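Below: the structure, in C-alpha cells.
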Amino acid sequence: MKTIIYDCEIINAIPNRDGSTIKGITYCEGWHDHKNMGVSVTGVYDYHEDRYRVFCYDNRAEFAKLIAERDLCVGFNSIPFNNALLLACGWPAPLEEKSYDLLRETWAAAGLGAAFDFKTHGGYGLDAMCACNFGTTKSGNGALAPVLWQQGRRGEVIDYCLNDIRLTKQLFDSVLVGKPLISPKDGGQLVLRKPQ
Numbered sequence: 062m063k064t065i066i067y068d069c070e071i072i073n074a075i076p077n078r079d080g081s082t083i084k085g086i087t088y089c090e091g092w093h094d095h096k097n098m099g100v101s102v103t104g105v106y107d108y109h110e111d112r113y114r115v116f117c118y119d120n121r122a123e124f125a126k127l128i129a130e131r132d133l134c135v136g137f138n139s140i141p142f143n144n145a146l147l148l149a150c151g152w153p154a155p156l157e158e159k160s161y162d163l164l165r166e167t168w169a170a171a172g173l174g175a176a177f178d179f180k181t182h183g184g185y186g187l188d189a190m191c192a193c194n195f196g197t198t199k200s201g202n203g204a205l206a207p208v209l210w211q212q213g214r215r216g217e218v219i220d221y222c223l224n225d226i227r228l229t230k231q232l233f234d235s236v237l238v239g240k241p242l243i244s245p246k247d248g249g250q251l252v253l254r255k256p257q
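Sequential numbering of the sequence shown, starting at 62, is according to the numbering used here.
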C-alpha cells in the first residue's frame, strides 16, 4: 500500500481567547474559519519514496499528483482539520476514503466517538501521545506557526511541520506493527485499528 503522512500549517493566526492580538499580524476568525486561515505549508513523508517533501502554494499541483497516486493518506486530526483547510483554501485534499486519521482512531480505541467533546476527548493530542509513548515532543506550538510565517521565519515553520510529521509517523509505524499505544490520560493500552 502506497502511503503518505501529511500535515498543514496556516498563514493567518488564531485569535487569543482574551481577544488580544500581536501588532502587524493578520488573523482569521477562529479554528472554524478554514477559508480565511490560508495554507502556508503542507509537509509530507512518502513511504513509497522514503522521503520528506514540502509543498507551498507554488507547487500544490505536485501535492495533488502525489495524493492521487497514493493509496492511503495518514494524518493527525487530518479529516476535520487538514482536509477541511485544504479544500476551503482551494488546495487538493485526500478523499475521505483514502484518509486515515490517527486522532480519530485513538479516540475510537479509547471507546470515544468521532465528534470532539472537550470533557472526554481532550488530552490525546499529538504531543501528549508521543511524549507518553516515545519520549518525543513537538518542537513548537501550531498556534504560533502563523505568527512565525508572517514574520518571515518560514524555515522555522517548515521545520516545525516536518517534526509533526515525524511524530505522526512514529505513531503510525506502531499501528502498522500492531503495537498498542499507551494512553496519556490513564496509562491504559490503546489498540488502534490497522488501515485496510
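The C-beta atom is built at its ideal place from N, Cα and C for all residues, glycine as well.
Bear in mind the structure is a predicted one, so any value in this text is a computation, not a measurement.
Paired residues, beta bridge with residue 106 - DSSP: Residue mapping note: residue 106 aligns to position 45 of the sequence shown, counting from 1. Note: residue 106 sits in a beta bridge opposite 66 and 113.
Rounded separation between residue 82 and residue 211 - CA only: Working through the sequence shown from its first residue, we reach residue 82 at position 21. Working through the sequence shown from its first residue, we reach residue 211 at position 150. Distance between the alpha carbons of residue 82 and residue 211 is about 13 Å.
Secondary structure of residue 250, DSSP reduced to three states: Residue mapping note: residue 250 aligns to position 189 of the sequence shown, counting from 1. Residue 250: strand per DSSP, three-state reduction.
Cβ pair residue 137, residue 205 closer than 9 Å: Here residue 137 is taken as the residue at index 76 of the sequence shown, counted from 1. Here residue 205 is taken as the residue at index 144 of the sequence shown, counted from 1. No, Cβ-Cβ distance for residue 137 and residue 205 is not below 9 Å.
Under 9 Å between C-beta atoms of residue 164 and residue 100: Here residue 164 is taken as the residue at index 103 of the sequence shown, counted from 1. Here residue 100 is taken as the residue at index 39 of the sequence shown, counted from 1. No, these two residues do not count as a Cβ contact at 9 Å.
Where residue 74 falls: helix, strand or coil (DSSP): Residue numbering aside, residue 74 sits at position 13 when the sequence shown is read from its first letter. Note: residue 74 maps to strand in three-state DSSP.
Rounded separation between residue 86 and residue 75 - CA only: Taking the first residue of the sequence shown as 1, we reach residue 86 at position 25. Taking the first residue of the sequence shown as 1, we reach residue 75 at position 14. Roughly 10 Å between the two C-alpha positions.
Pair within 9 Å by beta-carbon distance, residue 167 and residue 253: Translated into the one-based positions of the sequence shown, residue 167 becomes position 106. Translated into the one-based positions of the sequence shown, residue 253 becomes position 192. Taking 9 Å as the Cβ cut-off, residue 167 and residue 253 qualify as a contacting pair.
Proximity winner among 107, 109, 191 and 119, relative to residue 229 (alpha-carbon distances): Working through the sequence shown from its first residue, we reach residue 229 at position 168. Checking every option, the nearest Cα to that of residue 229 belongs to 191.
Residue nearest to residue 110 in terms of C-alpha spacing, selected from 68, 104, 92 and 63: Working through the sequence shown from its first residue, we reach residue 110 at position 49. Closest in alpha carbon position to residue 110, among 68, 104, 92 and 63, is 63.
Coil, strand or helix - residue 243 by DSSP: Numbered from its first residue, the sequence shown carries residue 243 at position 182. The answer is strand: DSSP assigns residue 243 an E or B state.
Close-in-space but distant-in-sequence residues of the same chain around residue 108 (CB under 6 Å, 5 per side omitted): As a working note, residue 108 is residue 47 in the sequence shown. These residues qualify, in order along the chain: 64.
Start and end residues, beta strand (DSSP E) containing residue 260: Residue 260 lies beyond the range of the chain shown here (62 to 257); nothing can be said about it.
Residue 161 vs residue 105 beta-carbon contact at 9 Å: Indexing the sequence shown from 1 puts residue 161 at position 100. Indexing the sequence shown from 1 puts residue 105 at position 44. Going by C-beta atoms, residue 161 is not nearer than 9 Å to residue 105.
First and last residue of the uninterrupted beta strand (DSSP E) at residue 161: Position 100 of the sequence shown, counting from 1, holds the residue named residue 161. For residue 161, the enclosing beta strand (DSSP E) covers residues 160-162.
Straight-line Cα distance separating residue 178 from residue 243: In the sequence shown, residue 243 corresponds to position 182, counting from 1. In the sequence shown, residue 178 corresponds to position 117, counting from 1. Approximately 21 Å, taken between the alpha carbons.
Length of the line joining the Cα atoms of residue 260 and residue 255: Residue coverage of the chain in this structure runs from 62 to 257, which leaves residue 260 outside it and unanswerable.
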